[in-house]
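Novice:
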Amino acid sequence: MDLEPRQPVTPNYDKFPKVEVPGCCLRGWEAVTTRLKEAMDTRKARRTVLTFECYSGVFIDEITRALSGAFPEALFLQSDEAFHDGEEIDRRVAPFNGGDDPVFGWLTRLRMQDFLDPEKITSMQERIGHSEVALVILIGPGASLIHPGDLLVYADLARWEAQLRMRRDEISNLGVENRGLKWSLQYKRAFFTDWRVCDKLKRELMDRWDFVLDTHQPGDPRMASGEAVREGLLEAARRPFRVVPFFDPGPWGGQWMRKVCDLDPEPENFAWCFDCVPEENSLLLDFDGTVMELPSINVVFHQPRELLGERVFSRFGAEFPIRFDFLDTMDGGNLSFQVHPLTDYIQRHFGMHYTQDESYYILDADEGAEVFLGLREGVDPEEMIDDLRTAQRGEKTFDDERFVARFPAKKHDHFLIPAGTCHCSGRNSMVLEISATPYIFTFKLWDWGRLGLDGLPRPINIERGIANIRWERDESWAKENLVNRIEPVASGDGWREERTGLHELEFIETRRHWFTGTVEHHTGGGVNVLNLIEGREAVVESPTGAFAPFVVHYAETFIVPAAVGSYTIRPHGKAVGTECATLKAFVRT
49 MDLEPRQPVT PNYDKFPKVE VPGCCLRGWE AVTTRLKEAM DTRKARRTVL TFECYSGVFI
109 DEITRALSGA FPEALFLQSD EAFHDGEEID RRVAPFNGGD DPVFGWLTRL RMQDFLDPEK
169 ITSMQERIGH SEVALVILIG PGASLIHPGD LLVYADLARW EAQLRMRRDE ISNLGVENRG
229 LKWSLQYKRA FFTDWRVCDK LKRELMDRWD FVLDTHQPGD PRMASGEAVR EGLLEAARRP
289 FRVVPFFDPG PWGGQWMRKV CDLDPEPENF AWCFDCVPEE NSLLLDFDGT VMELPSINVV
349 FHQPRELLGE RVFSRFGAEF PIRFDFLDTM DGGNLSFQVH PLTDYIQRHF GMHYTQDESY
409 YILDADEGAE VFLGLREGVD PEEMIDDLRT AQRGEKTFDD ERFVARFPAK KHDHFLIPAG
469 TCHCSGRNSM VLEISATPYI FTFKLWDWGR LGLDGLPRPI NIERGIANIR WERDESWAKE
529 NLVNRIEPVA SGDGWREERT GLHELEFIET RRHWFTGTVE HHTGGGVNVL NLIEGREAVV
589 ESPTGAFAPF VVHYAETFIV PAAVGSYTIR PHGKAVGTEC ATLKAFVRT
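Be aware that the sequence shown starts at 49, since it is given in this note's numbering, and climbs by one per residue.
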């Protein structure tokens, strides 16, 4: 299949976008340890406790080895000495871990303090207090709860890198040794417990950071002062920026992203790209040429009002409520036939306070592309449920022709998918998925009888799914309410604006702008998320010069913080003289 006529002649998608910020960043263990020595010397104290608070998944042993070489006389302590034993931690985590469910659990109420044994904490504190050495180094998750540190270093890690380490059997879950456990079960435990626990503590510590340590590249640490990092996060929250996308293969994956985004030729396919999911993605801060990688959720935690806006922050708290990602089935296969939980269900069963409403915007499509959306007219629920269960037992294939409505898909179509609507994208589509962010809550009803990349059947969630299907959403309802609900909004010299969704039951609204000239935008007091859906590149500018011109390329997703207010977008570079388009999403208020 030849994709070239529909794409830019050469790829220009930026896989490593950076935010240039003021300040200094050090690289390498020698520079890091030298700076720590200088900070200790400045204290002029008889003894220093150097505390390294670590996010779950950080390689503790590497930090210990590097520091022991630089500080051979120090007393080294690891926070896991104060943890409850593994059986007790498993017992405490169990209520949130979903039992035998291979995918789902309950958002934890635990805090880092619940992983630590008070008696062991006291014992470690006494060792520190009675020590005669000039330097005590305390390392690990929860270390700051044992001793706040005369100097506090926060060793950080993005969730995506943590997932890769799980896949390679390099790390365990918080407080236990389980690196041999299937990585998907490690991920589930981290999603519902570990990351929530670490994030709560991180937010409490951010204003106290003396230094921040980037631990993403083993053997190649980067460190900046806490002040410089906080200033960098503030800078990011006042200008347009992109997070670092990541790409992953899948059983239905396609070939579009490989060409357009200039990806590794080795994997068989690429199915997903998380192009804007701050909970999982990284943020690259460029300190005068030295780049530091941090979790992009740090911007949300430290600057929620600047980034999200007061109304969005009041509604969602320090969470980023909009997700943009890619689903590539070009020359691939159908997505799993699925449904997302209704709000009441996700609240009662998983502890989330909003659900995964979403939409499919078709960035590109080949001949025969279609979207499965809603049910055929007059479907008998019991007959469809029986058919799904029979298919799951392997006795037949699910009769999608009989039960599921289909709509042809072409480039720039927009399909709205409020929770409770049965759906999936068919093969030969490139989907920009715009959704709310509870992103693992997909109930697969049928997966076309195929295996996952691990050679095992992917989990099917028929019972959860049928509890959430809105059976009245049939073909005629979907056609009237969910397919290309495009309405003109406004137009001007060289531009026009359209509302493309989402459905009235969903809290996200999307606007599409076609333009050959300059388009004026305003955040309206809330965060905007945009993608350049047509045109080689465009430039985002401040009418008042509040931020430097920001160039975006075809298919790139970018964030415009609420604090930006007014901004403009126009064609740039080789796109000048051609028609471009952006799709913008924001929280409907």
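Beta carbons are placed, not taken as given, at the ideal position from N, Cα and C, and that holds for glycine.
Please report the residue range of the beta strand (DSSP E) in which Ala538 lies.
Specialist: Its beta strand (DSSP E) spans residues Glu535 to Gly540.
Novice: Who pairs with His561 in a beta bridge, going by DSSP?
Specialist: Glu545 and Thr630.
Novice: Can you give me the C-alpha to C-alpha distance between Thr96 and Ile187, rounded to a whole angstrom?
Specialist: So the two alpha carbons sit approximately 14 Å from each other.
Novice: Given this structure, state the Cα-to-Cα distance separating Gln55 from Arg227, to the nearest angstrom.
Specialist: Because the pLDDT at Gln55 is just 47, under 50, the model does not fix this residue reliably, and the value given afterwards should be weighed accordingly. Cα to Cα, Gln55 sits roughly 42 Å from Arg227.
Novice: Among Arg533, Leu383 and Lys632, which residue has its Cα nearest to the Cα of Trp320?
Specialist: Closest option to Trp320, Cα to Cα, is Leu383.
Novice: I'd like the list of long-range same chain contacts for Asn576, defined as Cβ closer than 6 Å, with 5 residues on each side in sequence excluded.
Specialist: Cβ neighbours of Asn576 beyond the five flanking positions: Val608, Lys632 and Phe634.
Novice: Can you round the beta-carbon distance between Phe368 and Thr485 to whole angstroms, since I take them to be within the 8 Å contact cut?
Specialist: That belief holds up - the Cβ atoms of Phe368 and Thr485 are roughly 6 Å apart, short of 8 Å.
Novice: Output needed for Trp5: all residues of its chain with C-beta closer than 7 Å, excluding positions within five of it in sequence on either side, in chain order.
Specialist: Any answer about residue 5 is impossible in this case: the structure gives the chain only from 49 up to 637.
Novice: So, are the CB atoms of Ala249 and Ser192 less than 9 Å apart?
Specialist: The sequence shown places Leu at residue 249, rather than the Ala named in the question. Cβ atoms of Leu249 and Ser192: closer than 9 Å.
Novice: Once you ignore the five residues that flank Glu52 on each side, which residues in its own chain have a CB closer than 7 Å to its CB?
Specialist: Unreliable placement is indicated for Glu52, whose pLDDT of 40 sits below 50; no coordinate value is reported for it.
Novice: Take Gly76 as the anchor and find which of Ala114, Glu225 and Phe451 has the nearest alpha-carbon.
Specialist: Among Ala114, Glu225 and Phe451, the Cα nearest to that of Gly76 belongs to Ala114.
Novice: To which residues does DSSP link Phe555 through a beta bridge?
Specialist: Bridge partners of Phe555: none, in fact.
Novice: What are the boundary residues of the beta strand (DSSP E) that Asn576 is part of?
Specialist: It spans Asn576 to Glu582 - the beta strand (DSSP E) in which Asn576 sits, taken as one unbroken run.
Novice: Please classify Ala413 as buried or exposed, where buried requires at least 16 other C-beta atoms within 10 Å of its C-beta.
Specialist: Answer is buried; the Cβ neighbour count reaches 16.
Novice: Reducing DSSP to helix, strand and coil, say where Met49 ends up.
Specialist: Residue placement at Met49 cannot be trusted, given a pLDDT of 34 that sits under 50; what the coordinates show is reported in the next sentence. Coil, per DSSP.
Novice: Apart from the five residues on each side of it in sequence, which residues of its chain come closer than 6 Å, Cβ to Cβ, to Ala87?
Specialist: Excluding residues within five positions, the ones whose Cβ falls inside 6 Å are Leu199.
Novice: Near Met400, which residues of its chain fall below 6 Å by C-beta distance, leaving aside the five closest residues on each side in sequence?
Specialist: Cβ within range, chain order: Ile394 and Pro486.
Novice: Between the alpha carbons of Arg286 and Phe595, how many angstroms are there, rounded?
Specialist: Cα to Cα, Arg286 sits roughly 8 Å from Phe595.
Novice: What's the gap between the Cα of Trp496 and the Cα of Ala439?
Specialist: Going by the C-alpha atoms only, they are around 9 Å apart.
Novice: Specify, as a first and last residue, the run of the alpha helix (DSSP H) that His350 falls within.
Specialist: Here the alpha helix (DSSP H) through His350 covers Ile345 to His350.
Novice: Is the region 259-277 in contact with the region 334-349, if contact means three or more CB pairs nearer than 8 Å?
Specialist: Segments in contact, yes.
Novice: By DSSP, does Met378 sit in helix, in strand, or in coil?
Specialist: Reduced to three states, the DSSP call for Met378 is coil.
Novice: Leu580 and His601 look like a contact to me (Cβ under 8 Å); what is the Cβ gap, rounded to whole Å?
Specialist: Sure, about 7 Å apart at Cβ, within 8 Å.
Novice: Determine the contact status of Leu164 and Phe131, defining contact as a CB-CB distance below 9 Å.
Specialist: Yes, these two residues count as a Cβ contact at 9 Å.
Novice: Determine the burial state of Lys236: buried for a count of at least 16 other Cβ atoms within 10 Å of its Cβ, exposed for fewer.
Specialist: Answer is buried; the Cβ neighbour count reaches 16.
Novice: If I'm right that Phe420 touches Arg454 with Cβ under 8 Å, what's the distance once you round it to whole angstroms?
Specialist: Phe420 to Arg454, Cβ: 6 Å. Contact.
Novice: Measuring CA to CA, which of Arg207, Ile433, Arg140 and Met432 is closest to Trp154?
Specialist: Minimum Cα distance to Trp154 is reached at Arg140.
Novice: Mind checking which residues open and close the alpha helix (DSSP H) that includes Tyr202?
Specialist: First-last for Tyr202: Leu199 to Asp204, but that is the beta strand (DSSP E), not the alpha helix (DSSP H).
Novice: Nearest to His460 by CA position, among Arg560, Asp379 and Ala142, is which residue?
Specialist: Ranking the options by Cα distance to His460, first place goes to Arg560.
Novice: To test your reading of the DSSP string, which unbroken beta strand (DSSP E) runs of 3 or more residues are found completely within the region 405-457?
Specialist: Segments of the beta strand (DSSP E) lying fully in the region 405-457: 406-413, 418-423 and 452-456.
Novice: Arg521 lies in the alpha helix (DSSP H); which residues open and close that run?
Specialist: Here Arg521 belongs to no alpha helix (DSSP H), and DSSP marks it neither H nor E.
Novice: With distances taken Cα to Cα, identify the nearest neighbour of Leu125 among Thr99, Asp148 and Phe107.
Specialist: When only C-alpha atoms are compared, the closest one is Thr99.
Novice: Mind checking whether Ala35 and Ser104 have CB atoms under 9 Å apart?
Specialist: With the chain running from 49 to 637 in the structure shown, residue 35 is simply not present.
Novice: Between which residues of its own chain and Asp50 is the CB-CB distance below 6 Å, once the five residues before and five after are set aside?
Specialist: The predicted model places Asp50 with a pLDDT of 38, which falls under 50 and marks its position as unreliable, so this point remains unresolved.
Novice: Can you tell me whether DSSP reads Tyr602 as helix, strand or coil?
Specialist: DSSP places Tyr602 in coil when its eight states are reduced to three.
Novice: Given a threshold of 16 other Cβ atoms within 10 Å of its Cβ, counted over all protein chains shown, does Cys640 qualify as buried or as exposed?
Specialist: Outside the displayed span of the chain (49 to 637) sits residue 640, for which this structure offers no information.
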